[in-house]
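Residues 1 to 131, numbered by the UniProt record's numbering, are exactly what the sequence shown covers, in order. Beta carbons: idealized from backbone N, C-alpha and C, even for Gly.
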Amino acid sequence: MRESSAVKDHWKEILTPEQYHVLREAGTEIPFTGVLNHETRKGTYYSVGCDKPLFRSEQKYDSGTGWPSFLAPISEDALVLRKESGLLDDRIEVLDTCGSHLGHVFDDGPQPTGKRFCMNSVALYFIPDEE
Numbered sequence: 001m002r003e004s005s006a007v008k009d010h011w012k013e014i015l016t017p018e019q020y021h022v023l024r025e026a027g028t029e030i031p032f033t034g035v036l037n038h039e040t041r042k043g044t045y046y047s048v049g050c051d052k053p054l055f056r057s058e059q060k061y062d063s064g065t066g067w068p069s070f071l072a073p074i075s076e077d078a079l080v081l082r083k084e085s086g087l088l089d090d091r092i093e094v095l096d097t098c099g100s101h102l103g104h105v106f107d108d109g110p111q112p113t114g115k116r117f118c119m120n121s122v123a124l125y126f127i128p129d130e131e
């Protein structure tokens, strides 16, 4: 579905250029550059686009890929998964409920889920738990 110029302008007003590229143009941030890649505090990761909770810190792990990776979302309905067909292989795109691109999910994660929700750091923001 194509966005109107008014919708595009709205997103450009509220997002940084890098966030717009990732969330609205399905871009990918450069690995190992995201501020949340090394976040280790307890808390919740939210969607920059929808302002909704997506992941808990207990589900985050270091996948070594350069992007924040999670075993599972905070709830089944927190994310939208969409199959992408590419030149080399098929991938599952991860979007928030507002239709913004967050990253991809792969079947090469550790147990117990075997999943790796590989997210662009610029698509998320983090709120630590209160001590």
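The Cβ-Cβ distance between F126 and G27 does not fall below 8 angstroms. Cα atoms of W11 and H104: separation of roughly 21 angstroms, rounded to the nearest angstrom. The residues V22, L23, V48 and L102, in chain order, have a CB closer than 6 angstroms to that of A123 in the same chain once the five nearest residues on each side in sequence are set aside.
The region 81-93 and the region 63-71 do not touch, with fewer than three beta-carbon pairs separated by less than 8 angstroms. Residues of the same chain with a CB within less than 7 angstroms of the CB of T97, apart from the 5 flanking positions on each side, are C50, K52 and V80 in chain order.
P17 has its alpha-carbon roughly 14 angstroms from the corresponding atom of I30.
D90: member of the beta strand (DSSP E) spanning D90 to L95, first to last residue. In the three-state DSSP reduction, E25 falls in the helix class (H, G or I). For H38, the three-state secondary structure derived from DSSP is coil.
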